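Here is the structure we will look at, set down as structure tokens.
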Amino acid sequence: TVPSGSLYKVTTFTFNNFSLYSQTATAYIANASRTPLANTIIVGSITVPAASIFVAYDKSTILYLNEGDALYVNTTSNGALTTVVSYGAVS
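Start counting the sequence shown at -1; every next residue gets the next number (this note's numbering).
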């Protein structure tokens, strides 16, 4: 969750599948109001092949997280995928 008074710029966002099977993942941003209608899907139901990395965002794509925003990831299997998010504080 982005702290109060801050704005974050996501520079890299990857899904890392270290299992022997393909996995499906969805990522979304929940804004500060935390209402279901306020969620924005940023990666929808992507399949990450076994033993591979899927780059959802890199420095050529701009993704900002505002104050109070939270980034969430749902996957088909607990523990099979990891996510790595690199970001910088803009303010």
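Ideal Cβ positions, reconstructed from N, Cα and C, are used throughout, including at glycine. All figures in this text were calculated on a predicted structure; none of them were measured in a lab.
If contacts are defined as beta-carbon pairs under 8 Å, then residue i and residue j qualify, I think. What distance do you get, rounded to the angstrom?
i: Asn15; j: Ala54; result: Between Ala54 and Asn15 the Cβ distance is about 13 Å, and since that is not below 8 Å, they are no contact.
i: Phe13; j: Ile51; result: 7 Å
Which class does residue i belong to by DSSP, given the choice of helix, strand or coil?
i: Ala54; result: strand
i: Ala87; result: strand
i: Ala28; result: strand
i: Ala36; result: helix
i: Ser20; result: coil
i: Thr80; result: strand
i: Ile44; result: strand
To which residues of the same chain is residue i closer than 6 Å at the C-beta, ignoring the five residues directly before and after it?
i: Gly42; result: Thr24
i: Ala30; result: Gly66
i: Ala68; result: Thr(-1), Ala28
Leaving out the 5 sequence neighbours to the left and right, which residues in its chain are closer than 7 Å to residue i when beta-carbon positions are compared?
i: Thr9; result: Lys57, Ser84, Tyr85, Gly86
i: Gly3; result: Glu65
Here's the rule: buried if 16 or more other CB atoms are within 10 angstroms of the residue's CB, otherwise exposed. What is residue i?
i: Tyr6; result: buried
i: Val0; result: buried
i: Ile27; result: buried
i: Leu18; result: exposed
Counting along the chain, where does the beta strand (DSSP E) carrying residue i start and finish?
i: Val8; result: 6 to 15
i: Tyr70; result: 68 to 73
Excluding sequence positions up to five away, which residues of its chain have a Cβ less than 8 Å from the Cβ of residue i?
i: Thr22; result: Ser43, Ile44, Thr45, Val46, Thr73, Thr74
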